[in-house]
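So the sequence shown is residues 1 to 151, counted in the UniProt record's numbering.
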Amino acid sequence: MIYFTVFYIYLAGVVNLTQFPIYATEGMTGQGNSIREGLSLLPFATIDIKTYILNICMTIPFGCGLSFLTKASWSKMVIVSLLFTLLIESSQFIIGASVGYMCRIFDVDDMLFNFVGCMIGYVLFLLFRKVLSFIVEKHSEFQYYLDTLCR
1 MIYFTVFYIY
11 LAGVVNLTQF
21 PIYATEGMTG
31 QGNSIREGLS
41 LLPFATIDIK
51 TYILNICMTI
61 PFGCGLSFLT
71 KASWSKMVIV
81 SLLFTLLIES
91 SQFIIGASVG
101 YMCRIFDVDD
111 MLFNFVGCMI
121 GYVLFLLFRK
131 VLSFIVEKHS
141 EFQYYLDTLC
151 R
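Okay, structure coming up:
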């Protein structure tokens with residue numbers, strides 16, 4: 001239950017970070033972009049390394065957490081990660097379109113680097129699981145030898 005709670009808190013943080021604030025009054029429209037300016041469909045149109053790194057870091061816990069909570073294969077993780085990143089970016093566009101101006105931008109680069117972060121998280125989980133099983137395996141062999149010596 002604790003792991004699910006931590007994962008849900010993480011997801012709430014991602015929603016808070018990627019969707020808010022939502023400006024819904026006429027006086028605030030100057031703070032956003034037009035809907036056309038809120039779309040960035042050309043990959044790497046602007047290079048912003050800091051944003052790329054932040055997008056990767058934001059989604060690494062998703063790849064680790066989902067793998068920890070469910071038995072996720074590589075293909076399942078690819079599909080779920082793509083859907084997760086698409087959900088984040090498309091919800092930004094839908095909210096902006098419904099209000100009439102974009103506070104956030106639908107960016108293909110964000111989708112790409114969010115996906116990369118999810119997959120890095122998945123690989124880190126696999127490595128963690130392999131190291132942990134190696135430690136447990138070595139510990140059990142050590143315990144076996146210790147038990148035989150003490151007899």
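Glycine is no exception: its CB is placed at the ideal position from the N, C-alpha and C atoms.
For residue i, which residues from the same chain have a beta carbon less than 7 angstroms from its beta carbon, with the 5 sequence-adjacent residues on both sides left out?
i, result
"V116", "I56"
"I95", "Q19 and I22"
"I9", "none"
With a threshold of 8 angstroms on Cβ separation, who are the neighbours of residue i within its own chain once the five nearest residues in sequence on each side are excluded?
i, result
"V123", "G63"
"L86", "M111"
"L17", "M58"
I'd like to check one pair, residue j with residue i: are the Cβ atoms closer than 7 angstroms?
i, j, result
"S67", "F125", "yes"
"I60", "I120", "yes"
"Q92", "F106", "yes"
"G65", "F7", "yes"
"S73", "C118", "no"
"residue 221", "V108", "Because residue 221 is not part of the residues shown, which for the chain are 1 to 151, the question remains open."
Residue i: buried (16+ other C-beta within 10 angstroms of its C-beta) or exposed?
i, result
"R129", "exposed"
"D110", "buried"
"I79", "exposed"
"M58", "buried"
"T70", "exposed"
"I49", "exposed"
"E89", "buried"
"residue 155", "Shown here, the chain extends from 1 to 151; a query on residue 155 therefore has no answer."
"M1", "exposed"
Spatial neighbours of residue i within its chain, please: C-beta separation below 6 angstroms, excluding the five flanking residues on both sides.
i, result
"R104", "Q92"
Complete runs of the alpha helix (DSSP H) confined to the UniProt domain "VanZ-like" (7-129) [at least 4 residues]: Runs of the alpha helix (DSSP H) inside the UniProt domain "VanZ-like" (7-129): 49-69 and 74-99.
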